[in-house]
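Protein sequences, first through last, are from chains A and B. The first sequence begins at -9 in my numbering and counts up by one. The second sequence begins at 3 in my numbering and counts up by one.
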Amino acid sequence: MSDDGISKEPMLEMYLFEGEQLVEQLEEIIIKCEKDKKFEMGAINEIFRIMHTIKGSSAMMMFNQIALVAHSMEDLFFFIRANQNVQVDFVGLSDMVLAGIDFIKAEMNKIEQGKVADGLGDELIAEIKTQLTKMKKSYEDESTLPAVVADPVANEATPKYYISSYQPSPDKKTENTKYCVKVFFEEDCKMENIRAYLVVNNLEDIVEEIYYLPVDVIDNEESAIVIRENGFLICFSTAVSYAEVESALNETAFLRKMEIDQVDQYPDEIKALHRRKEIRLDDIPAEVDFRPQLETVETSKDVDAGPGNNRQQNIISVSVAKLDMLMDIVGEIVISEAMVTKNPDLAGLQLEGFSKAARQLRKLTDELQDIVMSIRMVPVSMVFHKMNRIVRDMSKRLDKEVNLEIIGENTEVDKNIIDHLSDPLMHLIRNAMDHGLESKDDRMAAGKPSAGKITLEAKNSGGDVLIIVRDDGKGLNRDKILNKARERGLVHKAENELTDKEVFSYILLAGFSTNEQVTEFSGRGVGMDVVTKNIEKIGGSLAIESVCGKGTEIFVKIPLTLAIIDGIEVGVGKSRYTIPTISIRESFRIDEKDVTSDGDGNEMIMIRGQCYPVLRIHRMFNIKNSVTRIGDGIMVMIESDAKIACLFVDKLVGEQQVVVKALPRYLKKVQGIAGCTILGDGGISLILDAHGILARQLA
Amino acid sequence: MKNVLIVDDTMFMRLSLKTMLEKNGFNVIGEAANGAIAVEKYQELHPDIVTMDITMPVVDGLEALRQIRAIDGQAKVVMVSAMGQEVMIRNAVMAGAKNFIVKPFTEESVIKVLSKV
């Protein structure tokens, strides 16, 4: 996500937001249809509507290539919708729509990043058009039944004429004034025929009789061309005044020129029309039916029950940047509240009324904080459903049959975290498909069903969310992993003491990959270590369980939010630091004599037979007046990425939940500092980032 | 000042229209995201003009137009529809739509049409 969300033009932002939502919705529908091996009427309507909407919005924003691609797909589904029994090549069609989705996604991504949407959809459009032509042709060939009419106009053999609802009565005719009006519309106003019809409509209430040329404005789109060139001729008789006639005619939009003449006689072409009309009326009176034709619409109304109906009624969307600001301010309010109610100036005072009010304030600020947090929570379903597409694409290319089961998609996490979840999960799913699940033959040989199964599950566990990626594939091979780990020099423990879990966790380390073959999807040089890093970046952790021959489970534990963390506050000199509890293993006091140093002066301590480096915070950040004698301070052992070190600090101050605030922009990014937080007494505490500190010191 | 009810299933289109209309002295008194809400809002707000998208979920624009016209024969409904939907526009006009706007629209064209209605 770009962080300049708030500065973007609201219209563009809205376009992208809705566009992306629609595309994802569409993708879901397609994948579901493909799974069901049929396109339900509801789905076809939905696809048509989404493409139509994307086309409209994109054209408004002048993203013409997106509009064109969407338009061609809209046409395709218009045809399918109108001819429901047409033979559809599901696989080809799904592929094509997905290709279109990918194109639109890519373009929207470019736009989002402020780049020019320069992709060309020509090839894709041509392909879609070919498909449409093919479909139309095969439909015509096969279908012996009369076609379900897509376009009522196309099938109307006999033109129908407009007759004023105001029935002319012969005896009154003489009192009326006859008019001949010629109307010209503005160039490029489009659909002149319908506009002409609107002119007639406007006159309807005031005229006795009315004739016009061309006659077939409503039924024949070609008449627009005639009107564009020769104008639209209307002849009518009316009892109302000239002024009224003029005002009725002036309601016409896009009027370029209008000639109004009062006449004694209609011109010849209109007279001829008059006669023809009468004959026609005698011939086929039943054909004159001007009720609105709503067949195509009615079908859509009944079946249109796709996902997301009515969803906009009670929901507003708010930019994340605004929520971040709100969160920030609420965080400060919570702190200010503590600063006021626990102010040292109050010490020793008996303030009954104040205490009561303070308690009330605290209750409300707590509630406020909870509400703001809950506003930021979004379900993981969006990210989870993205995986459908990956499973689909990969199962096709790897020729593996795979069912993806999604459990607990309504589990919520903070918006900030959701954005970082997609990549790691994608990677895990890819791994499961590529390395985890066996080929069809191997599965059969092992007595398993030929279709593999991947489960993606989310659930709350305490203050965290647990996401589990489970496959029923071949499982991890302990010996192979151990061999590889030994080769890479990753094993620091007696091998027979290693638990399975410890062995499996080697694959999470940097530079580890047991797959000799680099496949298209995974093993592109980035391995599980990248997943680990991404997950740790958002304060999460990974664990693996696997049973050989039965499958693998990967547990991803992530915090509910990034905005509030549990931390241990430590003091160094006059400064305060907060160490995230998640990265602390233990803390302990040791004696000066336990510390040894190597040739370069790097200090180390031996704990339970393991050697760990000692990092003195006061040295790292140049703090004066701090404790320097090891025996007077305390050691805090931190861990990240399986690297461990002991931080030497003066004292532990306490444990608390803190609201994480980013460092101000004018401070350059300091390695080892993740942000800051304001303490109850108004002081500032820097939040240490274990990953950064370890990288900084061990580099 | 004319009161307008904007009916469209996308926030993007509603925002576009609203911005254009408010700049030109129209008063947007309500918005609806589908035809069913549009009919409800019409009865509640009695707008002077309704801009009506055609392709919408639940109840589409044509059906909403018909329902609104059934409630109020004088209702002024302007269809907003994309190119390529000539047939729909034709049907809407025959069902009593006062005029129509073709997407993609410009501010000029929107005002030209709505000021005549």
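Just so it is clear, CB atoms sit at the ideal spot from N, CA and C, and this is done for glycine as well. Bear in mind that the values here come from a model prediction, so they are computed numbers and not experimental data.
>> Would Val392 of chain A and Met423 of chain A be called neighbours here (beta carbons separated by less than 9 Å)?
In response: Taking the first residue of the first sequence as 1, we reach residue 392 of chain A at position 402. Taking the first residue of the first sequence as 1, we reach residue 423 of chain A at position 433. Closer than 9 Å, so yes.
>> Do Ala214 of chain A and Asn183 of chain A have their beta-carbon atoms positioned less than 9 Å apart in this structure?
In response: One-based indexing of the first sequence puts residue 183 of chain A at position 193. One-based indexing of the first sequence puts residue 214 of chain A at position 224. Against a cut-off of 9 Å, the Cβ pair of Ala214 of chain A and Asn183 of chain A comes out as a contact.
>> So Gly682 of chain A and Gly662 of chain A are supposed to be a Cβ contact under 8 Å. How far apart are they, rounded?
In response: Within the first sequence, numbered from 1, the residue matching residue 682 of chain A stands at position 692. Within the first sequence, numbered from 1, the residue matching residue 662 of chain A stands at position 672. Going by Cβ atoms, the distance from Gly682 of chain A to Gly662 of chain A rounds to 4 Å, so yes, they are a contact pair.
> Under the three-state reduction of DSSP, which class applies to Met51 of chain A: helix, strand or coil?
Replying inline: Working through the first sequence from its first residue, we reach residue 51 of chain A at position 61. It is coil, neither helix nor strand.
> Among residues of its own chain, excluding the 5 on either side of Ile115 of chain A, which ones have a beta-carbon nearer than 7 Å to its beta-carbon?
Replying inline: What you label residue 115 of chain A is simply residue 125 of the first sequence in a count that begins at 1. The answer, listed in chain order, is Leu58, Val59 and Ser62.
> Does DSSP classify Cys23 of chain A as helix, strand or coil?
Replying inline: Here residue 23 of chain A corresponds to residue number 33 of the first sequence, with the count starting at 1. Helix, per DSSP.
>> Out of B:Asp11, B:Met90 and B:Leu19, which one is the CA nearest neighbour of Glu110 of chain B?
In response: Indexing the second sequence from 1 puts residue 110 of chain B at position 108. For the residues B:Asp11, B:Met90 and B:Leu19, the minimum Cα distance to Glu110 of chain B belongs to B:Leu19.
> Looking at the unbroken alpha helix (DSSP H) that takes in Leu88 of chain A, where does it start and where does it end?
Replying inline: Position 98 of the first sequence, counting from 1, holds the residue named residue 88 of chain A. Where Leu88 of chain A is concerned, the enclosing alpha helix (DSSP H) stretches over Phe80 to Glu102.
> Among the residues of its own chain, which have a CB less than 6 Å from the CB of Met329 of chain A, if the five just before and after it don't count?
Replying inline: The residue you call residue 329 of chain A lines up with position 339 of the first sequence. Cβ within range, chain order: Gly672.
>> From the DSSP secondary-structure annotation, give me the bridge partner or partners of Leu443 of chain A.
In response: Numbered from its first residue, the first sequence carries residue 443 of chain A at position 453. Before going further, note that residue 443 of chain A is Lys rather than Leu in the sequence given. According to DSSP, which records beta bridges pairwise, Lys443 of chain A is partnered with A:Asn393.
> If we cut at 9 Å on Cβ distances, does Val104 of chain B have a partner in chain A?
Replying inline: As a position in the second sequence, residue 104 of chain B is number 102, starting the count at 1. Yes, contact with chain A.
> Applying the criterion that 16 or more other CB atoms from any shown protein chain within 10 Å of the CB defines a buried residue, is Lys261 of chain A buried or exposed?
Replying inline: Mapped onto the first sequence, residue 261 of chain A falls at position 271. Counting Cβ neighbours within 10 Å, Lys261 of chain A comes out exposed, since fewer than 16 surround it.
> DSSP on Asn192 of chain A, reduced to helix/strand/coil?
Replying inline: Translated into positions along the first sequence, residue 192 of chain A becomes position 202. Residue state, collapsed to three classes: helix.
> Quick one: what's Arg460 of chain A bridged to in DSSP?
Replying inline: By one-based count along the first sequence, residue 460 of chain A stands at place 470. Answer is A:Thr445 and A:Glu543, bridged to Arg460 of chain A.
> What is the C-beta distance between Ile554 of chain A and Thr571 of chain A, in whole angstroms, given that I count them as a contact (C-beta under 8 Å)?
Replying inline: Position 564 of the first sequence, counting from 1, holds the residue named residue 554 of chain A. Position 581 of the first sequence, counting from 1, holds the residue named residue 571 of chain A. About 12 Å; that fails the 8 Å criterion.
> Just by C-beta distance, which residues in the segment 184 to 202 of chain A are closer than 9 Å to chain B?
Replying inline: Ile184, Arg185, Tyr187, Leu188, Asn191 and Asn192
>> If contact is defined by three or more beta carbon pairs under 8 Å, each pair taking one atom from either stretch, is the segment 428 to 441 of chain A in contact with the segment 476 to 489 of chain A?
In response: no
> Between Gly46 of chain A and Lys105 of chain B, which are expected to be in contact by the criterion C-beta below 8 Å, what is the C-beta distance as a whole number of angstroms?
Replying inline: For the purposes of this step, residue 46 of chain A is taken as residue 56 along the first sequence, with counting starting at 1. For the purposes of this step, residue 105 of chain B is taken as residue 103 along the second sequence, with counting starting at 1. Correct: roughly 5 Å between the Cβ atoms.
> CB-CB under 8 Å to Val115 of chain B, same chain, minus the five flanking residues each way: which ones, in chain order?
Replying inline: As a first step, residue 115 of chain B must be located in the second sequence, where it is residue number 113. Taken in chain order, the residues that qualify are Val80, Asn101, Phe102 and Ile103.
> Anyone know if the C-beta pair for Gly9 of chain A and Met98 of chain A falls short of 9 Å?
Replying inline: For the purposes of this step, residue 9 of chain A is taken as residue 19 along the first sequence, with counting starting at 1. For the purposes of this step, residue 98 of chain A is taken as residue 108 along the first sequence, with counting starting at 1. Against a cut-off of 9 Å, the Cβ pair of Met98 of chain A and Gly9 of chain A comes out as a contact.
>> For Ser117 of chain B and Arg39 of chain A, I'd like the C-alpha separation in whole angstroms.
In response: For the purposes of this step, residue 117 of chain B is taken as residue 115 along the second sequence, with counting starting at 1. For the purposes of this step, residue 39 of chain A is taken as residue 49 along the first sequence, with counting starting at 1. So the two alpha carbons sit approximately 29 Å from each other.
>> Looking at the secondary structure, which residues open and close the beta strand (DSSP E) in which Met3 of chain B lies?
In response: If you number the second sequence from 1, residue 3 of chain B lands on position 1. Where Met3 of chain B is concerned, there is no enclosing beta strand (DSSP E), given that its DSSP letter is neither H nor E.
> Looking at Ile497 of chain A and Leu466 of chain A, is the spacing between their C-beta atoms short of 9 Å?
Replying inline: On the first sequence, residue 466 of chain A is found 476 positions in, with the first residue counted as 1. On the first sequence, residue 497 of chain A is found 507 positions in, with the first residue counted as 1. In this structure, Ile497 of chain A lies closer than 9 Å to Leu466 of chain A by Cβ.
> Touching or not, the segment 639 to 650 of chain A and the segment 349 to 356 of chain A, by the rule of three or more beta carbon pairs under 8 Å?
Replying inline: no
> Can you tell me where the beta strand (DSSP E) with Val560 of chain A in it begins and where it stops?
Replying inline: What you label residue 560 of chain A is simply residue 570 of the first sequence in a count that begins at 1. Ile554 to Val562 is the extent of the beta strand (DSSP E) around Val560 of chain A.
> Going along chain A, which residues have a C-beta under 7 Å from Asn101 of chain B?
Replying inline: The sequence position of residue 101 of chain B within the second sequence is 99, counting from 1. Per Cβ cutoff of 7 Å: Leu188 and Ala243.
> For Lys114 of chain B, which residues in chain A fall below 8 Å Cβ to Cβ?
Replying inline: The residue you call residue 114 of chain B lines up with position 112 of the second sequence. Under the 8 Å cutoff, chain A gives Ala243 and Phe244.
> Taking only beta-carbon atoms, is Val52 of chain B less than 9 Å away from chain A?
Replying inline: As a first step, residue 52 of chain B is located in the second sequence; it is residue number 50 there, counting from the start. No, Val52 of chain B lies away from the interface with chain A (no Cβ there is under 9 Å from its Cβ).
> What did DSSP end up calling Met15 of chain B once you bin it into helix, strand or coil?
Replying inline: The residue given as residue 15 of chain B occupies position 13 in the second sequence. Helix at Met15 of chain B.
> So does Glu219 of chain A have its beta carbon nearer than 8 Å to some heavy atom of the ligand PLP?
Replying inline: Ligands are entirely absent from the displayed structure, and the ligand PLP is therefore not among its contents.
> Do you know how far the Cα of Ala94 of chain B is from the Cα of Leu67 of chain B?
Replying inline: As a first step, residue 67 of chain B must be located in the second sequence, where it is residue number 65. As a first step, residue 94 of chain B must be located in the second sequence, where it is residue number 92. Answer to the nearest angstrom: the Cα atoms are 7 Å apart.
> Is it the case that the Cβ atoms of Met125 of chain A and Val76 of chain A are separated by a distance below 9 Å?
Replying inline: Counted from its first residue, the first sequence places residue 125 of chain A at position 135. Counted from its first residue, the first sequence places residue 76 of chain A at position 86. Yes, the pair counts as a contact, with Cβ atoms nearer than the cut-off.
>> Check this for me: beta carbons of Gly63 of chain B and Ala77 of chain B, under 9 Å apart or not?
In response: Taking the first residue of the second sequence as 1, we reach residue 63 of chain B at position 61. Taking the first residue of the second sequence as 1, we reach residue 77 of chain B at position 75. For Gly63 of chain B and Ala77 of chain B, no; Cβs fall outside 9 Å.
>> Taking the beta carbon of Ala337 of chain A as the centre, do at least 16 other beta carbons fall within 10 Å, making it buried, or is it exposed?
In response: Sequence index remark: in the first sequence, residue 337 of chain A carries index 347 (1-based). By the neighbour-count rule (16 or more Cβ atoms within 10 Å), Ala337 of chain A is not buried but exposed.
> Between which two residues does the alpha helix (DSSP H) containing Thr53 of chain B stretch?
Replying inline: If you number the second sequence from 1, residue 53 of chain B lands on position 51. Element bounds for Thr53 of chain B: not the alpha helix (DSSP H) but the beta strand (DSSP E), Ile51 to Asp55.
> Among A:Ile569, A:Glu(-1) and A:Val189, which one has its Cα closest to the Cα of Leu203 of chain A?
Replying inline: Counting from 1 along the first sequence, the entry for residue 203 of chain A is found at position 213. Considering only alpha carbons, the answer is A:Val189.
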